Ligand code: FES
């Protein structure tokens, strides 16, 4: 969840109705607050599209920070996702430590391939080979830096016993007006 507070004091000041650009930028930099907390983000109502429930792995064999690609929605070769155990609690994470997540491998800017770009140290995907966007996998795939403005689509996961299942997708896969099936 994002909270943005903007100080409009300089705009209201009748003696300084025309604030200089430099002043505005300095004031803006010090008064814009952007907060993103996984727990709060998790409370947001995210749109999820249901897809067939398929098994994509096992908790016991999934190693921390080892990214595993899988096709999803099923039978669609242009859409792959990555399954990863981050080793720290994440928005949308499942498992005992809420650290197992899965995200699309297609960059939301122009569809650049993110396969193999997972960075364990930062729990991030990227930089995208096309225009260098990176995404935070611990915070619902939100953009850390780069050209993209949309978070990475996140797969909805479910654990039953030792099995990890994927059941749907939160967010729009790049290049589609509605998610492919
Ligand atoms: S396609 Fe990934 S940053 Fe442009």
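Numbering (my numbering), first residue to last: 56 to 236.
From the three backbone atoms N, C-alpha and C, an ideal C-beta is built for every residue, glycine too.
These numbers were taken from a predicted model, which means no experiment stands behind them.
Helix, strand or coil at residue i according to DSSP, with G and I counted as helix
{"i": "residue 133", "result": "coil"}
{"i": "residue 143", "result": "coil"}
{"i": "residue 218", "result": "strand"}
{"i": "residue 229", "result": "coil"}
{"i": "residue 159", "result": "strand"}
{"i": "residue 200", "result": "strand"}
{"i": "residue 167", "result": "coil"}
{"i": "residue 182", "result": "coil"}
{"i": "residue 224", "result": "strand"}
Span separating the alpha-carbon of residue i from that of residue j
{"i": "residue 190", "j": "residue 224", "result": "17 Å"}
{"i": "residue 47", "j": "residue 197", "result": "Nothing can be reported for residue 47, as the shown portion of the chain is limited to 56 through 236."}
{"i": "residue 152", "j": "residue 184", "result": "31 Å"}
{"i": "residue 201", "j": "residue 182", "result": "8 Å"}
{"i": "residue 167", "j": "residue 136", "result": "13 Å"}
{"i": "residue 199", "j": "residue 175", "result": "15 Å"}
{"i": "residue 123", "j": "residue 138", "result": "5 Å"}
{"i": "residue 220", "j": "residue 146", "result": "17 Å"}
{"i": "residue 143", "j": "residue 232", "result": "33 Å"}
{"i": "residue 234", "j": "residue 228", "result": "6 Å"}
{"i": "residue 193", "j": "residue 132", "result": "26 Å"}
{"i": "residue 208", "j": "residue 115", "result": "25 Å"}
Residue environment, residue i, which counts as buried when at least 16 other CB atoms sit within 10 Å
{"i": "residue 217", "result": "exposed"}
{"i": "residue 140", "result": "buried"}
{"i": "residue 129", "result": "exposed"}
{"i": "residue 120", "result": "exposed"}
{"i": "residue 112", "result": "buried"}
{"i": "residue 149", "result": "buried"}
Q.
Any residue with its C-beta under 7 Å from a non-hydrogen atom of the ligand FES counts. Can you list them all in chain order?
A. 162, 164, 165, 166, 167, 183, 185, 186, 187, 188, 201, 202, 203
Q. Is it true that the segment 160-171 meets the segment 101-112, where meeting means three or more beta-carbon pairs spaced less than 8 Å apart?
A. no
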